[in-house]
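>
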Amino acid sequence: MALARTGTGPRATVRAFLSQVHPVFMTPPVAAALFGAVLVGRIDPAIAAIHAVAIFAAVYTAHVKDGYVDFHIRGEDDEHPLTERGCRVGLALSTTVFAACCVLLWVLVDPVAVVLTLPTWLIAYHHAPQLDTNPLTATTGYPLGIALAILGGFYVQAGTISAVAAGFALVFLVLLSGIKVIDDTQDYDYDRSIEKRTVAVAVGPDRAYALAYGLMLTALLAVLAFAVARVFPPTTALAALAFGAVALVARRAEPTLATMLLVRGSYVFLAVLVTAVWFEPLAGVGFP
Numbered sequence: 070m071a072l073a074r075t076g077t078g079p080r081a082t083v084r085a086f087l088s089q090v091h092p093v094f095m096t097p098p099v100a101a102a103l104f105g106a107v108l109v110g111r112i113d114p115a116i117a118a119i120h121a122v123a124i125f126a127a128v129y130t131a132h133v134k135d136g137y138v139d140f141h142i143r144g145e146d147d148e149h150p151l152t153e154r155g156c157r158v159g160l161a162l163s164t165t166v167f168a169a170c171c172v173l174l175w176v177l178v179d180p181v182a183v184v185l186t187l188p189t190w191l192i193a194y195h196h197a198p199q200l201d202t203n204p205l206t207a208t209t210g211y212p213l214g215i216a217l218a219i220l221g222g223f224y225v226q227a228g229t230i231s232a233v234a235a236g237f238a239l240v241f242l243v244l245l246s247g248i249k250v251i252d253d254t255q256d257y258d259y260d261r262s263i264e265k266r267t268v269a270v271a272v273g274p275d276r277a278y279a280l281a282y283g284l285m286l287t288a289l290l291a292v293l294a295f296a297v298a299r300v301f302p303p304t305t306a307l308a309a310l311a312f313g314a315v316a317l318v319a320r321r322a323e324p325t326l327a328t329m330l331l332v333r334g335s336y337v338f339l340a341v342l343v344t345a346v347w348f349e350p351l352a353g354v355g356f357p
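Take the position in the sequence shown, starting the count at 1, then add 69; the result is the number in our numbering.
1) Please report the residue range of the alpha helix (DSSP H) in which Thr165 lies.
2) Just mark Trp190 as buried or exposed, buried being the case when its beta carbon has 16 or more other beta carbons within 10 Å.
3) In terms of residue numbering, what span does the alpha helix (DSSP H) encompassing Tyr259 cover?
4) Looking only at its own chain, which residues have a Cβ that is under 6 Å from the Cβ of Met285, when we skip the five neighbours before and after it?
5) Less than 7 Å between C-beta atoms, sequence neighbours within five positions excluded: which residues of the same chain meet that for Val318?
6) With DSSP as the reference, label Arg291 as helix, strand or coil.
7) Cα separation between Ala238 and Pro98?
8) Could you spell out where the alpha helix (DSSP H) holding Ala298 opens and where it closes?
9) Can you grab the Cα-Cα spacing for the pair Ala106 / Val343, in whole Å?
10) Does Gly232 come out as helix, strand or coil in the three-state DSSP assignment?
11) Can we say the segment 151-159 touches the segment 70-77, given the rule of at least three CB pairs closer than 8 Å?
12) Please check the pair Phe307 and Val332, which I expect to be a contact at CB under 8 Å, by giving their CB distance rounded to whole angstroms.
13) When you compare the segment 165-177 with the segment 116-130, are there three or more beta-carbon pairs, one atom per stretch, that lie closer than 8 Å?
14) In terms of residues, what are the limits of the alpha helix (DSSP H) holding Leu220?
15) For the putative contact between His132 and Gln199, defined by C-beta atoms under 8 Å, what is the C-beta separation to the nearest angstrom?
16) What's the C-alpha gap between Arg79 and Phe86?
17) In angstroms, rounded to a whole number, what distance separates the CA positions of Val349 and Thr325?
18) Would you call the segment 229-237 in contact with the segment 110-123, where contact means no fewer than 3 C-beta pairs closer than 8 Å?
19) Where do the ends of the alpha helix (DSSP H) carrying Lys134 lie?
20) Apply the 10 Å Cβ neighbour rule to Ala279 and answer buried if 16 or more other Cβ atoms are within range, or exposed otherwise.
21) Ends of the alpha helix (DSSP H) at Thr189?
22) Exposed or buried, which one is Tyr211 when buried takes at least 16 other CB atoms within 10 Å?
23) Considering only heavy atoms of the ligand FAD, does any lie closer than 7 Å to the CB of Ala100?
24) Under DSSP, the alpha helix (DSSP H) around Ala106 begins and ends at which residues?
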């Protein structure tokens with residue numbers, strides 16, 4: 070039985086599976102896992118790689134499951150490269166990779182490392198059709214996964230969770246939740262027609278916009294507050310200023326363009342944070 074819906078043979082099958090790798094959405098979680106490791110200052114490359122692969126496998130699971138539900142079950146999508154069997158095989162493979170990484174983390178680190186990593190797969194697998202129908206979970210699923218990636222990336226290196234790791238995880242949870250609200254506003258008319266309750270559908274586009282930018286502003290103010298309090302290196306304030314400039318431009322744009330700007334702004338935000346931590350190690354600002 071075929072795994073790919075278009076074409077036959079190994080090449081078509083490989084292309085179909087590779088089509089579920091979406092760099093725009095998969096790069097941030099993997100980068101967040103590595104950022105968590107960078108926060109520690111001393112990195113075991115093998116452990117960092119295992120954790121990063123686990124996060125990648127979790128996000129891949131989310132994309133395959135989401136496509137399976139939206140195309141084969143809900144009939145919302147017009148096209149999908151994998152057959153139903155192909156989706157099941159893809160889910161089995163990604164889950165096997167994720168499970169293998171968890172076993173390695175259990176052996177090489179400890180069970181707590183698995184406790185911090187396992188929820189990323191649970192969120193990914195249950196995003197559709199369970200979590201994406203509720204305004205709260207539809208909005209916070211992806212941001213929560215990134216927050217957990219930061220915490221897990223830190224823990225597998227340090228064997229503990231510090232205030233700075235928790236602070237960065239919280240900032241990204243709030244900031245990315247704001248971006249997700251804007252992203253969902255793109256599909257307001259369609260989501261409303263199928264009674265899919267995103268934040269925009271629940272409260273209306275105007276209020277959703279206000280809530281989204283309120284969340285992003287809260288996250289940026291938190292970065293500034295943490296920097297002033299020396300919880301974060303002072304130079305992390307530059308990340309807040311950089312993203313704030315992008316958000317000001319996005320505020321005047323329509324949802325599709327605003328989402329594109331904000332997603333790329335979040336890349337700049339993360340890059341500046343990594344640079345700040347790399348050149349101003351946390352140990353130098355009073356951290357254990």
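Just so you know, even glycine gets a beta-carbon here, dropped at the ideal spot from N, CA and C.
If you're wondering where the values come from, they're calculated on a predicted model, not measured in any experiment.
Inspection of the coordinates gives the following:
1) Glu153 to Leu177 is the extent of the alpha helix (DSSP H) around Thr165.
2) buried
3) Where Tyr259 is concerned, the enclosing alpha helix (DSSP H) stretches over Tyr257 to Ser262.
4) If we look at Met285 and ignore the five residues flanking it on each side, its Cβ neighbours are Leu244, Gly247 and Ala316.
5) Leu330
6) A small fix is needed here, since residue 291 is Ala in this sequence, not Arg. If DSSP states are grouped into helix, strand and coil, Ala291 belongs with the helices.
7) 12 Å
8) Run containing Ala298: none; DSSP gives neither H nor E here.
9) 10 Å
10) Note that residue 232 is Ala in the sequence shown here, rather than Gly. Ala232: helix per DSSP, three-state reduction.
11) yes
12) At residue 307 the sequence reads Leu, which differs from the Phe that was named. Contact doesn't hold; Cβ gap of about 20 Å is too wide.
13) yes
14) Pro204 to Ala227
15) Contact check for His132 and Gln199: beta-carbon distance about 16 Å, past the 8 Å limit, so the pair fails to qualify.
16) One detail in the question is off: residue 79 reads as Pro in this sequence, not Arg. Pro79 and Phe86 have their C-alpha atoms some 11 Å from each other.
17) Before going further, note that residue 349 is Glu rather than Val in the sequence given. Near 36 Å, if we compare the C-alpha coordinates of Thr325 and Glu349.
18) no
19) Pro114 to Gly136
20) exposed
21) Pro180 to His195
22) buried
23) This structure lacks the ligand FAD, and indeed carries no ligand of any kind.
24) Pro92 to Val109
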